[in-house]
Amino acid sequence: MARYGTFPFILEQAICISISGLKKWNYLRKGEINSGVLNWMQGGSERGYVSIKVDMASNICHLVLNYTHNENEFSERIFLRAIESNLGGGNVWYFICPRTQKSCRKLYFRHGYFMSRYAIPDYYYENQTKSQRDRNFNKHLQTAMQAIKLTPELYVKHFKKNYSGLPTKRYLKLTQKIRESERFGFPDVVRYIMGK
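So, in structure tokens, the structure goes:
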């Protein structure tokens, strides 16, 4: 008899709400109440949506999420905490995880609720689910692609290769990275594709 599949929960593929996203979309403005809808897309089709209301005007800042999961209506209140930045110049905002009560910057959707990664016992990062061979291939491919990305920087307008007859530090650094990526990246990628 076949057993049930044990598909890992991969954080990068999960629906999530982040503080940086809320900041970017101007939900975290002090003294205001903002509302809207957050949509998640995958492969050109809508994967899910949540209506959100962020209350930054009350004494205890919070957000209310309204969504449907498996034909059940959910309304979840998540509190926000502001901690003074160690660099000065404002506060750093955090969610308070409804399951663990820990501060976090991202909430992931799992089993019908939003929670921090600390409340998810069996999560993985995408790289952890790949084989050693695939990880090595990705590493060499990124090294090979680095040359393609860095080469146009040498030909940007007003780029100085020399100053007072000596090569500039930036020019030397760029050429060294390009040489390394050409030496290590491309041969390894070709060897991987050929199956050696």
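Per the working numbering, the sequence shown runs over residues 54 to 249. Positions of the beta carbon are idealized from the N, C-alpha and C atoms, including for glycine. Computed from a prediction, not measured in an experiment: that's the story for all the values here.
Here DSSP, grouped into helix, strand and coil, assigns G74 to helix. In the structure shown, M109 falls within a coil segment according to DSSP collapsed to helix, strand and coil.
Rounded to the nearest whole angstrom, the CA to CA distance from P174 to V117 is 25 Å.
When DSSP reads this structure, P220 sits in a beta bridge with N215. Counting only unbroken stretches of 4 or more residues, the alpha helix (DSSP H) elements lying wholly within the region 154-228 are 185-203, in sequence order. Setting aside the 5 residues that flank it on each side, D108 is surrounded in the same chain by I86, C114, H115, L116, V117, each with a C-beta closer than 8 Å to its C-beta; the list follows chain order. Counting along the chain, no beta strand (DSSP E) covers F60, and no H or E run does either.
In the three-state reduction of the DSSP assignment, I231 falls in the helix class, which pools H, G and I. Between R152 and M168, the C-beta spacing is below 9 Å. Under the Cβ criterion (8 Å, minimum of three pairs), the region 129-147 does not count as touching the region 173-190. Partner residues in the beta bridge of G89, as assigned by DSSP, are I105.
Cβ atoms of R134 and I149 come within 8 Å of each other, at about 6 Å. Residue range 115-122 is occupied by the beta strand (DSSP E) that includes Y120. Under the three-state reduction of DSSP output, R236 falls in the helix class. Residue burial is scored here from C-beta neighbours: H193 has at least 16 other C-beta atoms within 10 angstroms and is therefore classed as buried.
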